[in-house]
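**Student:** This structure is in structure tokens; I'll ask about it shortly.
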């Protein structure tokens, strides 16, 4: 006797698929008889997807008329017993589980809300790892493994390179295959990538740092042999790139198949909200990555080892690797429940029946090919699928607009913390935490608000594109804030001469009469802030001869600094370890408009994604998202970090010197950094605005007379069946 797999569909509905009722002891002559629906079922009389009213013959839309679950439970059990098993019209299994293991308790999660929860956790972990931890620890990895900004940009771009390679294959075959299986294995691969990314910490030697107390003060320098100072650790960038490559492979199904799986299993007007919740989790992930990663950077990378430098010291390297171990383990665990979901959720068939096409209409009518049920199931249809999308101008310009936005998002998310670190004279951990505070409300709130607005105003495809255009113009206006910047903190020998006069541009002169006898090493960079509010390259370059510890904050204080002038009495002054605190009056204004830019940039993300799903035929949705991600990553995600890294390198004032070899950048020129950011922002925002305008002008919706069910269509384009049946409260749950 078969046991019920699930007696009701999602939101309190019964299954819309064909029902097979196998009686435990059928009457003679009726063994094996199949009932398509209970005999007391009344015909619905509601317009179907082809615009015709149903007859007395049962159909998938009949479940809208009178739910089976509203019958008397006792009568149902008496008539059919307990031997009821629900299967789809094609006979596919709809139970949640792994192979033959489908325990009843798991069926509680076999709903759209259940899969939404697990996909949200997966996207949260992906965002926290790829866009949070990696961007937070960039400065620490550069310092620990002697990397330059363009090399760290290559590490960030490896994620997108992998995604581009895999997207066509995954979106085409996964779109017509078992989506949860693709999603689950992808999350598992992503977890392996996180574990690999942390591996260099365990395979390299201990991080040795010469503290300022030992070698930094005047006359206390020890010569550092070049053989020891020069490092071959930069070769580990290839391990980081491989880890990022696995991240890209694993996340590819998440934002293509995951989105379409949600879209296929909920009502059309609820789809933007479900997708917005999914993407909000993906945005909150980086925010959590910045905050948690910033906390880990306050822990020394060699845990348990005593060290006499603080996180404010630029030689400090935090425990960058902890987050990757945790995220990797969590990804491996979350992949298990995702692998257990069926190819289609119970009750999803009725949403397909109710769906109204908003696909762009091609002049030659070739868009109708994609409506063929057999289209897209073989490799032979791949070129035709690509051609159909390339002939859709709305889709093409939405892809190009997404690429321009992705360039800015990728560049700013990678180097945003470094921008704040330089502008406001912060430590790496403080900058990461600051940036996290910006991204949480602006990025997460903007993403959810975008989906909410589409649902609230029940926007059709053309209205959604206009909303994207409004958001892009708003962020374009806000980006002019980068006209202003915070001035560099004065630094002797870098931004000004030791006696206070201006230093010729592009020249360094770290030696002066006050520190000539100290024989200072340029390899030992450990900035201190003098009592005259001027920064110095190291205690030695400030001419300091004695050191003590500030009991109040634990920082080292240097005395008898011959280059530091006392503010009250003449004679040598004091200096404290770390950068001077910036007192930039423009900080609140700069942070506010950065918040506005992030908010409106992310506000357009879900509407743009929804417009992409609406302007192509249903059977091409997964593949369309795959092609869009290829365009977005090829033109935006990959060159974005590399271009921003190269521009930021151009604004460097002080490079690390390793026996003549150029290392990472110590000090940036704030005015140049703001200027380059403004130029990049204006170029890409103007392009994005142009692309959205063209997409809106070229969009051609289906004629009203050809729109399925258009006579009874609600404002958002769905067949509003609430007029024909009592409203079920559960259906209004999102």
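Numbering (UniProt numbering), first residue to last: 1 to 734.
Built from N, CA and C at the ideal position, the CB exists for glycine as well.
Owing to the predicted nature of the structure, the values given are computational and were not obtained by experimental measurement.
Taking the Cβ atom as the reference point for each residue, do residue 553 and residue 273 lie within a distance shorter than 8 angstroms?
**Tutor:** The residue given as residue 553 occupies position 553 in the chain shown. The residue given as residue 273 occupies position 273 in the chain shown. No; because the gap between Cβ atoms is not below 8 angstroms, this pair is not in contact.
**Student:** At the level of alpha carbons, what is the spacing between residue 464 and residue 628?
**Tutor:** As a working note, residue 464 is residue 464 in the chain shown. As a working note, residue 628 is residue 628 in the chain shown. The alpha-carbon atoms of residue 464 and residue 628 are separated by roughly 17 angstroms.
**Student:** What ranges does the alpha helix (DSSP H) occupy inside the stretch 410-472, keeping only unbroken runs of at least 4 residues that lie completely in it?
**Tutor:** 428-439, 445-456, all fully within the stretch 410-472.
**Student:** Would you identify the three-state DSSP class for residue 320, choosing helix, strand or coil?
**Tutor:** If you number the chain shown from 1, residue 320 lands on position 320. Of the three classes helix, strand and coil, the one that applies to residue 320 here is coil, per DSSP.
**Student:** Restricting to Cα atoms, I'd like to know which of 235, 537, 635 is closest to residue 521.
**Tutor:** Here residue 521 corresponds to residue number 521 of the chain shown, with the count starting at 1. The residue with the shortest Cα to Cα distance from residue 521 is 537.
**Student:** Given this structure, state the Cα-to-Cα distance separating residue 283 from residue 468, to the nearest angstrom.
**Tutor:** Against the chain shown, residue 283 aligns to sequence position 283. Against the chain shown, residue 468 aligns to sequence position 468. Spanning the two alpha carbons is a distance of roughly 18 angstroms.
**Student:** On the three-state DSSP scale, how would you describe residue 300?
**Tutor:** Here residue 300 refers to the residue found at position 300 of the chain shown. Strand at residue 300.
**Student:** Rounded to whole angstroms, what's the CA-CA distance from residue 395 to residue 426? Just pull it up for me.
**Tutor:** As a position in the chain shown, residue 395 is number 395, starting the count at 1. As a position in the chain shown, residue 426 is number 426, starting the count at 1. So the alpha carbons of these two residues sit roughly 43 angstroms apart.
**Student:** Classify residue 560 as helix, strand or coil using the three-state DSSP reduction.
**Tutor:** For this step, residue 560 is matched to residue 560 along the chain shown. It is a strand residue.
**Student:** State the DSSP-derived secondary structure class of residue 517, mapped to helix, strand or coil.
**Tutor:** In the chain shown, the residue the question calls residue 517 occupies position 517. Helix.
**Student:** Just to confirm, is the Cβ distance from residue 458 to residue 269 under 8 angstroms?
**Tutor:** As a working mapping, residue 458 is identified with position 458 in the chain shown. As a working mapping, residue 269 is identified with position 269 in the chain shown. Yes, they are a contact pair.
**Student:** Quick one: give me the first and last residue of the beta strand (DSSP E) that residue 548 is part of.
**Tutor:** Along the chain shown, one-based indexing puts residue 548 at 548. Residues 546-549.
**Student:** With burial defined as no fewer than 16 other Cβ atoms inside 10 Å of the residue's Cβ, what is the status of residue 516: buried or exposed?
**Tutor:** Translated into positions along the chain shown, residue 516 becomes position 516. By the neighbour-count rule (16 or more Cβ atoms within 10 Å), residue 516 is not buried but exposed.
**Student:** In the DSSP assignment, the beta strand (DSSP E) including residue 532 goes from what residue to what residue?
**Tutor:** By one-based count along the chain shown, residue 532 stands at place 532. Run containing residue 532: none; DSSP gives neither H nor E here.
**Student:** Could you check what DSSP says for residue 699 in three-state terms: helix, strand or coil?
**Tutor:** By 1-based counting over the chain shown, the position of residue 699 is 699. Residue 699 falls in the coil class under three-state DSSP.
**Student:** Just list the residues that DSSP pairs residue 655 with in beta bridges.
**Tutor:** Position 655 of the chain shown, counted from the start, is the residue given in the question as residue 655. For residue 655, which the question treats as bridged, DSSP gives the partners 665.
**Student:** What separation, rounded to the nearest whole angstrom, lies between the Cα atoms of residue 36 and residue 346?
**Tutor:** The residue you call residue 36 lines up with position 36 of the chain shown. The residue you call residue 346 lines up with position 346 of the chain shown. Reliability of the predicted coordinates at residue 36 is poor, the pLDDT of 43 falling under 50, and no value is obtained from them.
**Student:** Buried or exposed, going by whether 16 or more other CB atoms sit within 10 Å of the CB of residue 631?
**Tutor:** Translated into the one-based positions of the chain shown, residue 631 becomes position 631. Result: buried.
**Student:** With residue 641 as the anchor, note down where its beta strand (DSSP E) starts and where it stops.
**Tutor:** As a first step, residue 641 must be located in the chain shown, where it is residue number 641. Note, residue 641: premise wrong, no beta strand (DSSP E); alpha helix (DSSP H) at 639-650.
**Student:** Pairs of beta-carbons, one from the stretch 197-210 and one from the stretch 290-305, closer than 8 angstroms: are there three or more?
**Tutor:** Counting Cβ pairs under 8 angstroms, three or more are found: they touch.
**Student:** Going by Cα to Cα distance, which pick from 623, 649, 409, 289 is closest to residue 124?
**Tutor:** Against the chain shown, residue 124 aligns to sequence position 124. Out of 623, 649, 409, 289, 289 has the C-alpha closest to the C-alpha of residue 124.
**Student:** Taking 7 angstroms as the line, does the beta carbon of residue 286 fall inside it for any heavy atom of the ligand COA?
**Tutor:** Because no ligand of any kind appears in the structure shown, any question about the ligand COA cannot be addressed here.
**Student:** Taking Cβ positions, are residue 442 and residue 595 nearer each other than 8 angstroms?
**Tutor:** In the chain shown, the residue the question calls residue 442 occupies position 442. In the chain shown, the residue the question calls residue 595 occupies position 595. Contact: yes.
**Student:** Roughly how many whole angstroms lie between the Cα atoms of residue 560 and residue 317?
**Tutor:** Numbered from its first residue, the chain shown carries residue 560 at position 560. Numbered from its first residue, the chain shown carries residue 317 at position 317. Their backbone Cα atoms lie some 29 angstroms apart in a straight line.
**Student:** Measuring CB to CB, does residue 248 end up less than 8 angstroms from residue 150?
**Tutor:** Residue mapping note: residue 248 aligns to position 248 of the chain shown, counting from 1. Residue mapping note: residue 150 aligns to position 150 of the chain shown, counting from 1. Not in contact: residue 248 and residue 150 (Cβ atoms no closer than 8 angstroms).
**Student:** Any contact of the stretch 253-261 with the stretch 614-624, i.e. 3+ C-beta pairs under 8 angstroms?
**Tutor:** Yes, since at least three Cβ pairs between the stretch 253-261 and the stretch 614-624 fall closer than 8 angstroms, the two stretches touch.
**Student:** In chain order, what residues of the same chain have a beta carbon less than 6 angstroms from the beta carbon of residue 191, not counting five sequence neighbours either side?
**Tutor:** For the purposes of this step, residue 191 is identified with residue 191 of the chain shown, where counting begins at 1. 328, 331, 332, listed in sequence order.
**Student:** Would you kindly report the start and end of the unbroken alpha helix (DSSP H) that includes residue 576?
**Tutor:** In the chain shown, residue 576 corresponds to position 576, counting from 1. It is not in any alpha helix (DSSP H) - residue 576 instead sits in the beta strand (DSSP E) that spans 572-577.
**Student:** Hey, quick one: how far does the alpha helix (DSSP H) through residue 261 stretch, first residue to last?
**Tutor:** Here the question's residue 261 lines up with position 261 in the chain shown. 257-264 is the span of the alpha helix (DSSP H), which, as asked, contains residue 261.
**Student:** For the alpha helix (DSSP H) that contains residue 109, what are its first and last residues?
**Tutor:** On the chain shown, position 109 is the one that residue 109 refers to. Note, residue 109: premise wrong, no alpha helix (DSSP H); not H, not E.
**Student:** What's the C-alpha gap between residue 88 and residue 95?
**Tutor:** Taking the first residue of the chain shown as position 1, residue 88 is located at position 88. Taking the first residue of the chain shown as position 1, residue 95 is located at position 95. Note that residue 88 has pLDDT 46, beneath the 50 cutoff, so the model's placement of it is unreliable and the number below is only indicative. If you take the alpha carbons of residue 88 and residue 95, they lie about 11 angstroms apart.
**Student:** On the DSSP letters alone, give me the boundaries of the alpha helix (DSSP H) that residue 142 sits inside.
**Tutor:** Counting from one through the chain shown, the residue named residue 142 turns up at place 142. Residue 142 -> alpha helix (DSSP H) spans 134-145.
**Student:** Which residue's Cα is closest to the Cα of residue 177: 343, 611, 637, 557?
**Tutor:** Residue 177 sits at position 177 when you count from the first residue of the chain shown. Closest by alpha carbon: 343.
**Student:** Does DSSP put residue 295 in a helix, in a strand, or in coil?
**Tutor:** On the chain shown, residue 295 is found 295 positions in, with the first residue counted as 1. The answer is helix: DSSP assigns residue 295 an H, G or I state.
**Student:** I'd like the list of long-range same chain contacts for residue 280, defined as Cβ closer than 6 angstroms, with 5 residues on each side in sequence excluded.
**Tutor:** The residue labelled residue 280 in the question sits at position 280 within the chain shown. Only 444, 447, 448 meet the Cβ criterion.
**Student:** Going by C-alpha to C-alpha distance, which of 474, 562, 314, 388 sits closest to residue 617?
**Tutor:** Taking the first residue of the chain shown as position 1, residue 617 is located at position 617. Residue 617 has its Cα closest to that of 388, out of 474, 562, 314, 388.
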